[in-house]
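Asks:
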Amino acid sequence: MSLSTQIKPISYLKSHAAEIVKDFATNPEPLIITQNGEAKMVVMDIAEYERQQETFALLKLVSMGQKELAQGRVSDMDAFFAEMDQQP
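So in my numbering, spot 17 of the sequence shown is number 419, and the numbers just go up one at a time.
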């Protein structure tokens, strides 16, 4: 993904908002909005945003699992299922 082609000033967002929304149907790449030459915000397709949030959530779960493994907070599969069988 080349972000350099997707950088626009805030004035472009103001005058082309409807066009930007329509373009996301064919080009879901995020649009970086600048103000006074500085990147200030990112506009992105909602489906892409949701995918990104799901990815972040999965990465967080992996990270948590790795920390628990490093701390020795694990049990083998047989012990886990034996404990689950005793739950009401």
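Glycine included, C-beta positions come from ideal geometry on N, C-alpha and C.
Out of 449, 473, 419, 440, point me to the one whose CA is closest to residue 520's CA.
Replies: Since the first and last residues shown for the chain are 403 and 490, residue 520 lies out of range.
Asks: Touching or not, the stretch 409 to 417 and the stretch 435 to 445, by the rule of three or more beta carbon pairs under 8 Å?
Replies: Cβ pair count under 8 Å is three or more, so yes.
Asks: With a threshold of 16 other CB atoms inside 10 Å of the CB of residue 463, please say whether the residue is buried or exposed.
Replies: Label assigned to residue 463: exposed.
Asks: Assuming residue 470 and residue 476 are in contact, meaning their beta carbons sit under 8 Å apart, how far apart are those beta carbons, in whole angstroms?
Replies: Sure, about 7 Å apart at Cβ, within 8 Å.
Asks: Return the first residue and the last residue of the beta strand (DSSP E) that residue 437 is part of.
Replies: Looking at the DSSP string, the run of the beta strand (DSSP E) that includes residue 437 is 433 to 437.
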